[in-house]
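Numbering (our numbering), first residue to last: 1 to 628.
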């Protein structure tokens, strides 16, 4: 018994001494270079080398226990290695300075995905971590998708949409990845970032908080706000010709006319040419410099993809050329490539009279002969209690659009007559100088909101083979124009309802209405369209309303102005995205039409409506045209 008591005392003494022993002065960079192994699924598998991405060294070392910094902010572009820096820090904390680590991603679904694709490979591929983890067993609660226990601590992973996960336990270490994708509110309990940071207050002085994200909208972006509250560091690199240190910015990227993939960088001081092959040496000699005075506890780093060793300036320039005329793609390019919040210059209202003045006059109405650029026709349908309104939209290269026709069917929409008239309208075909047979309405999206939901779903169910879809608009950021997965049918004899991101579609439309010189994305309409149609087209304005420190964009209708023209255009655009989801390629449709050559049909233009479209009794048709 004495021997056992002595052994127990020795073990307790050793454990007590380990607890008192100061942490080794090892940095995240030193640990990662010595221990981290990138998995085979990585673009560059094998031992981690910070020298490959030298700008990450200072970021990682601020996350080391020897650094007095408590809060690190990284506003970044794509392919810069920011997420890998976060993984290096997690590995370092687990192996070198154990404690409770809280990792937060935008949603629980992303936790499941990242746990399998990022955390598990980090642990399994790094011997220094693998040996410290409990093996994953079905009955072992210490190694699950959301929890990885190790001696001295645990890695807890949760979604920003789960208030329970954010307030469950104190944490010394906190990683918040893609904070701009976090919801504004977590289960009604407030800002998820604030909730998570609150978990670290008991470790003040020893805590580490790492915020990582690609920015989104200027004035709305969380990471932009966090970066603005830091010392705003930028990475300065020396020109190989004159030695001037400078930040790599987009205006310095230059290329020969028409050849963006041959882009190079021109020094802002001497104009010297810096080629892509010079980038590794450039990065190795770079240094971080604070551009404003900080508080000593928070540091901020900004990294654009121009610094990335994994993406060339030529690729970034080519993406810019492809995106510059499409506001939605340009926003994505600005966020991902420049790592900058997108300053939305398209928030200003548009004047209806300026839009009307851009109307196009033509000898033959578009309902009788389509503009040559039209390759696909869709329809957007808005339902009211006493009428149905329909816009027919033609689509061409680069999603250029033409408002072909706008029809209003007046009648009681609880009765079948008006729906029969709508069916006739959707069966119409449009004559094209290069197409035989005439172009049909390839898809239609019908609003199922309001008081006629069952009527819309029944009408759609009987015409799904014609791609007549029941839809319901959902506002808010991040909702895609068309659902990524088809909705499930829940009620017999009724069509499924497709949820479409109306705010996303409205924002894209407002941007495209500003294009005045034609080409990709431009919107066109006939010169005889009524002024009130234009007031309806711009009847809603995007505004920012601050809630708990976050300013999402909301669409606010102008009082007393009918907004059906806006809704119909949004729904017609949603129908186009529905065709994309069904496998249609607009570019291929345009190419087929271009290759067809002029039609051999020499008959005179006739009505594009089929004989079955006669207006039923009790239904009155009207057009939103001048004098109609």
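A virtual CB, placed ideally from N, CA and C, is assigned to each residue, including glycine. Since the structure is predicted, the reported quantities are computational estimates derived from the model, not experimental observations.
>> What does DSSP give as the partner residue(s) for residue 177 in the beta ladder?
In response: 212
So for residue 584, helix, strand or coil by DSSP? coil
Alpha-carbon spacing of residue 519 relative to residue 510, whole angstroms: 16 Å
Where does residue 528 fall in DSSP's three states? coil
| said: Using DSSP's beta-bridge definition, name the partner residues of residue 394. | reply: 377 and 402
Proximity below 9 Å, CB of residue 474 to CB of residue 502: yes
Next on the checklist: Going by C-alpha to C-alpha distance, which of 247, 192 and 181 sits closest to residue 220?
Outcome noted: 181
Query raised in the report: Taking the alpha-carbon positions, what's the residue 602 to residue 383 distance?
Result: Low per-residue confidence applies at residue 602: pLDDT is 47, beneath 50, and the placement is therefore not dependable, though the value from the model is reported in the following sentence. For residue 602 and residue 383, the distance between alpha carbons rounds to 38 Å.
Cross-strand partners of residue 120 (DSSP beta bridge):
Per DSSP, none; premise fails for residue 120.
According to DSSP, simplified to helix, strand and coil, what is residue 574? helix
Taking all protein chains shown into account, decide if residue 354 is buried (16 or more other Cβ within 10 angstroms of its Cβ) or exposed. exposed
- Message: Output needed for residue 268: all residues of its chain with C-beta closer than 7 Å, excluding positions within five of it in sequence on either side, in chain order.
- Response: 246 and 252
Practice prompt. Look up residue 235 in the DSSP assignment and give the residues it is bridged to.
Written response: 288
My parser needs the alpha helix (DSSP H) runs of 4 or more residues fully inside the segment 62–116; what are they? 82–96 and 108–114
_Taking the straight line between their C-alpha atoms, what separation do you get for residue 401 and residue 575?_
13 Å
* To do: Report yes if the C-beta distance between residue 212 and residue 74 is below 9 Å; otherwise report no.
  => yes
- Per-residue DSSP class, three states only, for residue 568: helix
> Can you find at least 3 beta carbon pairs, one from the segment 293–312 and one from the segment 183–192, that sit closer than 8 Å?
Replying inline: no
query: With DSSP run on the structure shown, which of helix, strand or coil describes residue 265?
result: strand
For this session: Quick one: residues in its chain with C-beta nearer than 6 Å to the C-beta of residue 175, no 5 flanking neighbours on either side, listed in chain order?
Result: 86, 103 and 210
Where are the alpha helix (DSSP H) runs, 4 residues long or more, that stay fully inside the segment 416–444, in chain order?
416–426
Practice task
Just the C-alpha distance for residue 233 and residue 340, rounded to the nearest angstrom, thanks.
Solution key: 14 Å
CB contact flag (residue 179, residue 228, <9 Å)
no
ask   = In three-state DSSP terms, what is residue 309?
value = coil
Can you tell me whether residue 342 is helix, strand or coil according to DSSP? strand
Among the candidates 433, 301, 436 and 426, whose CA atom is the shortest distance from the CA of residue 445? 426
**Asked** Between residue 441 and the rest of its own chain, which residues show a CB-CB distance below 6 Å, the 5 nearest in sequence each way excluded?
**Response** 377, 379 and 426
- Query: Quick one: what does DSSP say residue 508 is sitting in, helix, strand or coil?
  - Reply: helix
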